[in-house]
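Residue numbers (the working numbering): 188 to 882. Note that the Cβ used here is the ideal one computed from N, Cα and C, for glycine as well.
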């Protein structure tokens, strides 16, 4: 069933299309009869409606384009109807007055098409084979982009430049004096000619950027100078950027020269603030240039169709880090065997891969912990105040239609209802950003849950923070935005953004981290402690919500594994249809959790255990499960992760040496393992001390 708001929006869209059709019909009738007031009103309304829809509903007009009724056809039809109308108005001489108007109108359309051709050429010259960020690319002669209305907004340009023509023609219809129509057409023609000439200046050497060959040579030189060693490779849709963003700080802290390699141009701006150089290389042929660089290791936080393309480079070692670990099948995808190594948090994931029997060898599974979890604060006991803060963070419905993926559909409303019924509960609701993207039932349930929480807040009251709290949040927001948000002109294109997002200022990463911490503190302080919160924005992040919460309710997802680092109580909703025993056996991450049925009758007992630690029978099991899921705390995860990266870099170096030796015809050196094995065999053979080692 469509969610609220969709039907009215569609009704408005259909009404707009109907109004446009009515305007065309009225314009035709007004021109043929002729009825001058109707003709003028319909002509003005028709053009005005198209102008408004170009700004407000471009997607709606795209539908008309698919049936070959695009903006050029619509405007040409409007102008032809205006000429027909003038033919039927007494007092206007068709040969002496309308013929020049018609010729000038044709010239206007001719310059419009010339401008469009120039725009195509300009866009092609301003499209490099790659996009960069955090790199000084000034050597590519990057310049500001031309105005959007000239280079990219074909429809808006035609409509806006047609306004003087329509205005002049309407004055001619009123006065029967072709002079006004001529003035309007002259203005439109001047705008079109002037715009075309101005746009053409971007094809001149002064504004022209480096060509493809020069750009690729520059990229090779930059790679040689920067000498990247370890990087992160990422490809995906716009909503999946969080999978890469969670690894930014970890990547930046690694020894060596890190780099981020992307495949989709739009993703360059989806990556959050970082000092790590970013290179987006869409074409496979250009991507292969990395083979000749110093890049040794690439980390992969997600699988994608384009991952196989980078795996073709044998000189680079590849490690799959994933973007979170859970007991779901997606956490042990058979695709993982394509990588040189699979990096996991702890023993649980190692066991998961072996039980799945998907071809990933145990020697290739490396336990590195989860370095990102350092900001999560540990458990300190029962809630200090009157209120118990509960974080309900369900996952999304997934691609496979399994009802056990998310609790939102079958249990979400029951869970929230039980929580809201307890006057000593403060609820933080943070649904997965992709909730409802596949199953509309999840989206509808999510909407109802948010409505329940909003309504519950109307029944609560109490002291609110003073205006200074809101002022502090505004100040922190402004400071954070200044550090993390790049302000671009509306006309800015990729090249202009590349120029503006060159080498970052020294110390920016530390400043961003401090600003995020300050913003999160200001955010929580700006709301009363008794008020339920619905959090659907990227900030505050999930870890900040962890630190605010006394207990988590979630699904089988990586959220549970991450939350366990705090050792706080947690619950997992079982909407799979399994019995509780089977649920615990099939999903080890819920072993130390309170299991909630779809009816959520267990919520009261969960809250009682949180408020009274002596009733918490799962504390010891949480501590044990934490180490099983995330590995030991000593050495720290950041250290283990860095060691794994260095070790894989060493393997890449060893392979390069072997390949160089083979290509040069020099016998390759044996590995230390081969030497040790040979020495043992020699001792057992009693003194074959002069045996020659095999190549």
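In this structure the region 542-558 lies against the region 516-526, because at least three pairs of beta carbons, one per stretch, are closer than 8 angstroms. The beta-bridge partner set that DSSP reports for residue 717 is empty. Note on geometry: alpha-carbon atoms of residue 799 and residue 570 lie some 9 angstroms from one another. Within the same chain, 683, 684, 687 come within 8 angstroms of residue 675 by CB-CB distance, once the 5 residues on both sides are set aside. Of all C-beta pairs linking the region 327-334 to the region 380-396, three or more are shorter than 8 angstroms, placing the two stretches in contact. Considering only 304, 671, 337, 592, the residue with the shortest C-alpha distance to residue 697 is 671. The DSSP-derived three-state label of residue 231 is helix.
Taken in chain order, the whole beta strand (DSSP E) runs of length 3 or more contained in the region 547-581 are 552-554, 575-580. Around the beta carbon of residue 802, a 10 Å sphere encloses fewer than 16 other beta carbons of the protein chains shown; the residue is thus reported as exposed.
For residue 847, the enclosing alpha helix (DSSP H) has its first and last residue at 824-851. For the options 277, 287, 261, 359, the alpha carbon positioned closest to that of residue 342 is the one of 261. Cα atoms of residue 477 and residue 344: separation of roughly 41 angstroms, rounded to the nearest angstrom.
Short of 8 angstroms from the beta carbon of residue 818, and not among the five residues preceding or following it, lie these beta carbons of its own chain, in chain order: 532, 533, 534, 554, 555, 556, 824, 827. When the Cα atoms are used, residue 830 and residue 849 turn out to be separated by approximately 29 angstroms.
Assignment of beta-bridge partners to residue 319 by DSSP yields 466.
Membership of residue 504 in any alpha helix (DSSP H) is not indicated; the residue belongs instead to the beta strand (DSSP E) covering 504-507. Annotation for residue 626: 584 place their beta carbon closer than 6 angstroms to its own, counting only its chain and skipping 5 residues before and after. When C-beta atoms of the region 594-608 are compared with those of the region 770-777, fewer than three pairs fall below 8 angstroms, so the two segments do not count as touching.
Under the DSSP assignment, residue 375 falls in the alpha helix (DSSP H) whose first and last residues are 365-387. According to the DSSP assignment, residue 702 belongs to no beta strand (DSSP E) but to the alpha helix (DSSP H) extending over 695-712.
Rounded to the nearest angstrom, the gap between the Cα atoms of residue 433 and residue 624 is 21 angstroms.
Taking all protein chains shown into account, residue 743 has 16 or more neighbouring C-beta atoms within 10 Å of its C-beta and is therefore buried. Assignment of alpha helix (DSSP H) within the region 272-340, counting only whole runs of 4 or more residues, yields 286-312, 335-338 in chain order. Residue 591 sits buried, since 16 or more C-beta atoms from the chains shown fall within 10 Å of its C-beta. Minimum Cα-Cα distance from residue 385 among the listed residues 512, 336, 761 corresponds to 336. If you check the CB distance, residue 419 and residue 378 do not come in under 9 angstroms. The count of Cβ pairs closer than 8 angstroms, one atom from the region 469-484 and one from the region 732-742, stays below three, leaving the stretches out of contact. In the DSSP assignment, residue 419 falls within the unbroken beta strand (DSSP E) covering 417-421. Here residue 666 has 702 as same chain residues with Cβ atoms under 6 angstroms from its own Cβ, once five neighbours each way along the sequence are excluded. In the DSSP assignment, residue 727 falls outside any beta strand (DSSP E) and carries neither an H nor an E.
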